[in-house]
Amino acid sequence: MALFDFLQEGAQERYLPSIKIIADRWDIMLGENALDGVDDYTFVEEVISLLESGRYTPDIILQVISDLGSIAWWRGPHLGDAHAGRVAALARRLHLSSADALTLPPRDIPLGAVREAHVVFAGDLMGPFHSPSRGAIDYVAALAMDPTITRIDLHHGGETLSANMQAYIDERLGHIPHERGVRLISTVENPDYLVDAIRKGPSTYHFWCEPIMAPQITIASRLGPTVMFTCGDEPPPQYADVFWYFHEPQHMAPIWKRRGAPASYIRNYVQSLSGPFYDEGPPAPRARSEVGLPQDAFVIATVGNRLAVDLDETFVTGIEKILRDRPNVIWLVVGGLPDNLLNACETILGDQFHYIYQDQELARLMTTVDVFANPFRQGGGNSAMIALTAGAVLLTTNDGDVASMAPHDHRAKDPEDYFARLATLIDTPGALDDWRGPQQERRRLMNDQTHFLSALKAMVDLAHQRFEARQGRTLTSVVNEG
């Protein structure tokens, strides 16, 4: 079986063009028959074994690792702890070796300089409905609230920005005083962006959902203090002086250790209780009748861009059991579904299943929802925040983006606990209100931009402190310090 024939099995149609690009690239890089005969059980092991064989150059290895992460996200299979650790160790070694090979004298970087000047790397800016793109602009807007800042360079991939992306940039950044020095720089149009950044003088380097294999991440740590948003529970393969996310350190530490992160990475992690969120306030309510939902129904919503992966058998079966005993409950699913799963849900669940492929007013749609039921996945943070803002109650397990948005005692420990909690929310009068209050308080804190700016400034200072402490040492020795 050709590699693409295997990879397209189980993938949503929207991802097939990108998967085809990867399959064609791997046929060239790894050899046309290198992965003949793989299946979902052997695929990841075969790929990693090839990368560890010593047959390929560092550039090929890092590209394949990056592609493997995309495939795992788009169609699966998920990388287990052992495989994730091997991949991260290989990538880390190559990035550190490349960065340590640079001949750079110790840099005299005063704290005041890195407080005033900032370089943000953010990957491609795809549009305001793409949460990493939206977040990158909101991150810059939060930084620019500091009146002492004199330079913010946002480096992004791609060339021409879409009209709606540019409109969001204008809305969020257009009012910022010229003195803040905000500039958007395409790394495609300006391939010497790192050289330009060095010439401009000392700065703090920030990474907001930058592609995880981007070489500038580790190289930047040779140039100045680095601050990285981790985009989730997963330990990054590259070094930063400060890693940050919304989860508690005691939540992240065992996950990172299990998935092969060095002790130095775990020490460098800090929690932020707030983030760069643009709170536009509650959306205008939408009548349920507009979208075909009964007024007296209890509506559970699940939203996603890759539901073919997110909706596993355990989740779908659990929802089916909940609905079977409760004819007043409707499961609203928003996002692309493969035909076989869509047909099965329509056949088995009947009128209790309501499907919307896409809704341009998702925030208003979420005002019709009682519970946002997050699948057992890592992502979903953007749609969960939209649902929270609309007044829905979140239900999530203990892992992933959405868990960080819920109070600790609202997170289910396993699927059995998850569906027991869902049953309680449906069956117990007042349960929704009991959950809604603490969740809305959590949402308000996450959206507090003054709080976030204060947290971000503290992270910049901590990154500078750690940068100064490692001056004159190789990054490899810093990372491997027990």
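If you use my numbering, the sequence shown corresponds to residues 687 to 1168, in order.
Even glycine gets a Cβ: it sits at the ideal position worked out from N, Cα and C.
Problem set entry | Under the three-state DSSP convention, the category I746 falls into | helix
Exercise. To the nearest angstrom, how far is it from the Cα of D1011 to the Cα of T1110?
Worked result: 13 Å
For this session: Using the Cα positions of P833 and C895, report the straight-line distance between them to the nearest angstrom.
Result: 25 Å
For this session: Provide the residue span of the alpha helix (DSSP H) that contains H1150, from first to last.
Result: 1135-1156
Problem set entry | Closest by C-alpha distance to A900, when choosing among G843, K1143, I952, V985 | G843
Problem set entry | Continuous alpha helix (DSSP H) stretch holding R1129: start and end | 1117-1132
Exercise. Since H1040 is in the beta strand (DSSP E), which residue starts that stretch and which ends it?
Worked result: 1039-1042
Exercise. Per DSSP, what kind of secondary structure is M914 in: helix, strand or coil?
Worked result: strand
Exercise. Under a Cβ-count criterion, where at least 16 other Cβ atoms within 10 Å of its own Cβ denotes burial, should H764 be classed as buried or exposed?
Worked result: exposed
Exercise. Which whole-angstrom value is the C-beta distance of P923 and R778, which I expect to be below 8 Å?
Worked result: 5 Å
For this session: Given a cut-off of 7 Å, decide if L1048 and I1072 are closer than it, judged by their beta-carbon atoms.
Result: yes
Exercise. The alpha helix (DSSP H) with I855 in it runs from where to where?
Worked result: 849-859
Exercise. For A828, which residues of its own chain have a beta-carbon under 7 Å away from its beta-carbon, when the five flanking residues on both sides are left out?
Worked result: P962, Q1135, F1138, L1139, L1142
Exercise. Roughly how many whole angstroms lie between the Cα atoms of G771 and M715?
Worked result: 23 Å
Exercise. Looking at the structure shown, is F729 part of a helix, part of a strand, or coil, going by DSSP?
Worked result: helix
Exercise. Buried or exposed: where does T846 fall if 16 or more other Cβ atoms within 10 Å of its Cβ makes it buried?
Worked result: exposed
Problem set entry | Residue span of the beta strand (DSSP E) that contains D839, given as start and end | 837-843
For this session: Could you give the DSSP three-state label for L1023: helix, strand or coil?
Result: coil
For this session: For I707, count neighbouring Cβ atoms within 10 angstroms of its own Cβ and tell me buried if that reaches 16, exposed if not.
Result: exposed
Exercise. Within 10 angstroms of its Cβ, does V1019 collect 16 or more other Cβ (buried), or is it exposed?
Worked result: buried
Problem set entry | Three-state secondary structure (DSSP) of T1083 | strand
Problem set entry | Best match in L1074, A803, G1036, F984 for proximity to K886 [C-alpha to C-alpha] | A803
For this session: Report the rounded CA-to-CA distance for L1062 versus A1155, giving the unit in angstroms.
Result: Before going further, note that residue 1062 is Phe rather than Leu in the sequence given. Spanning the two alpha carbons is a distance of roughly 40 Å.
Problem set entry | Whole-number beta carbon distance between G967 and Q698, since they are thought to touch under 8 Å | So it is not a contact: roughly 33 Å between Cβ atoms.
Problem set entry | Counted within 10 angstroms of its Cβ, other Cβ atoms place N1026 as buried (16 or more) or exposed | exposed
Problem set entry | Three-state secondary structure assigned by DSSP to V956 | strand
Problem set entry | Buried versus exposed call for I1034 [16 or more other C-beta atoms within 10 Å across all chains shown] | exposed
Problem set entry | Minimum C-alpha distance to D982 - residue among I941, T988, D998, Q1038 | Q1038
Exercise. Smallest Cα separation from P814: which of N850, A787, P935, D710?
Worked result: N850
Problem set entry | Y931, buried or exposed, once every other Cβ within 10 Å from all chains shown has been counted against 16 | buried
For this session: Specify whether the stretch 1089-1106 and the stretch 985-999 touch according to this definition: at least 3 beta carbon pairs, one from each stretch, less than 8 Å apart.
Result: no
For this session: Return yes when the Cβ of G1158 is within less than 7 Å of the Cβ of P791, no when it is not.
Result: no
For this session: State the Cα-Cα distance for the pair T1162 and S783, rounded to the nearest angstrom.
Result: 7 Å
Problem set entry | Top-ranked residue by Cα proximity to A1059, from I862, L1081, W760 | L1081
Exercise. Using 8 Å as the threshold, is the stretch 972-979 in touch with the stretch 1000-1008, meaning 3 or more CB pairs across them?
Worked result: no
Problem set entry | Cβ shell of D824 (< 7 Å), same chain only, five flanking positions each side left out | R858, P962, F963, Y964
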